[in-house]
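Undergrad: Have a look at this one.
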Amino acid sequence: MQESDGREAMSTYRNDALIGRRALVTGGSRGIGEAIARRLAAMGASILLASNDEPGMQRVAAAIEQDGGKADHALIDLLDAEAIAQFAATAGVVDILVNNAAPGQGRDSFLATTDAAWDLQLDIILRGAVRLIQPIGRQMAERGSGAIVNISSMSVRDAAPFAAPYAAAKAGLEVVTRVAALELGPRGVRVNAIRPSFVPTERVAHLASDPEFLARAATQVPLGRLATADDMADAVGWLVSDAASFINGEVITVDGGMAAGHWRPAPAK
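Taken in order, the sequence shown gives residues 5 to 273; the numbers are from the numbering used here.
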């Protein structure tokens, strides 16, 4: 590739890659979802936020519009199958779907985890995503184009205590990603996922506000810092753009190199 081609590709990715497209982002009222919505808006997409957090969505939509973008929002309960179906039927054309909504990871041990805790994670993370992918993916397939990105978690690869339902739901979402990619790819719809490492956001405030934990966690990352919500938004922005037009059925780990192998800082001399 010539040097000028590389410069043009970067410019397109950053500035106008998504002009004329409409992106639906679930859980876009804060944290990673907010960063994704704002990044896609900056790339030219009009945004539709879907969450159960009305004040949060209003704030994010206002910020997008203040930056020159366009954003609408819809209050939706992802535990309500009928509400999701009605929302999808009236949402209009959706070119990009980002399934980001998730409850907190939970704090119960595996042996103490209740059916209600399992249902909460599976209903929002897995069933909620499926209930949107089916009607919106069908709409995309009929038009012959579209991009879907599901937000997974490093907890699928590296199991951690006290988070079995959350990790299991995310693992199911990765399987859905691959199967949907196989079935929808021939009809012009790409389906991928990202697997974020730990990002200090409001949802994990008990950890994000602990300086000692954050410093210790950063030493485990080969790049020497923790991930940010913007790092995840950049990955999603690339995946839904034409720059990733041949990427389908992938789960991309965004972790600064943690999954590359066992790493530790070089010993002091």
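Note that beta-carbon positions come from the ideal geometry of N, C-alpha and C, so glycine has one too.
1) If we ignore side chains and look at the alpha-carbon of each, how far apart do A167 and T181 end up?
2) Using 7 Å as the threshold, is the C-beta distance between A121 and G110 below it?
3) Looking at the unbroken beta strand (DSSP E) that takes in R26, where does it start and where does it end?
4) Is the Cβ-Cβ distance between A185 and N103 less than 7 Å?
5) Alpha carbon to alpha carbon, what distance is there between L126 and D191?
6) Measuring only the C-alpha atoms, how far is D153 from S33?
7) Taking contact to mean 3 or more Cβ pairs, one atom from each stretch, closer than 8 Å, check whether the segment 144-163 and the segment 255-266 are in contact.
8) Would I137 count as contacting chain C if we go by Cβ distances under 7 Å?
9) Rounded to whole angstroms, what's the CA-CA distance from S50 to L79? Just pull it up for me.
10) Give me the Cα-Cα distance between E178 and A172, rounded to the nearest whole angstrom.
11) For the candidate residues V98, Q224 and T223, whose alpha-carbon lies nearest to that of P139?
12) State the start and end residues of the unbroken beta strand (DSSP E) segment that holds G150.
13) Assuming the contact rule is C-beta atoms closer than 8 Å, T30 and S55 should be a hit. Round their C-beta distance to whole Å, please.
14) Given G148, which residues of its chain have a CB within under 6 Å of its CB, disregarding the five upstream and five downstream residues?
15) Just to confirm, does A173 get its C-beta within under 6 Å of one of the non-hydrogen atoms of the ligand NAD?
16) Can you tell me which residues form a DSSP beta bridge with R199?
17) Can you check whether the CB of L82 is closer than 7 Å to the CB of L28?
TA: Checking against the coordinates, here is how it stands:
1) 21 Å
2) yes
3) R26 to T30
4) no
5) Looking at the sequence provided, one finds Arg at residue 191 rather than Asp. Distance between the alpha carbons of R191 and L126: 28 Å.
6) Here residue 153 turns out to be Val, not Asp, going by the sequence shown. Straight-line Cα distance between these residues: approximately 17 Å.
7) yes
8) This model lacks chain C altogether, as it is built from one protein chain only.
9) 17 Å
10) 10 Å
11) V98
12) G150 to I155
13) 7 Å
14) G192
15) In terms of ligand content, the structure shown is empty, and the ligand NAD therefore cannot be addressed.
16) T257
17) no
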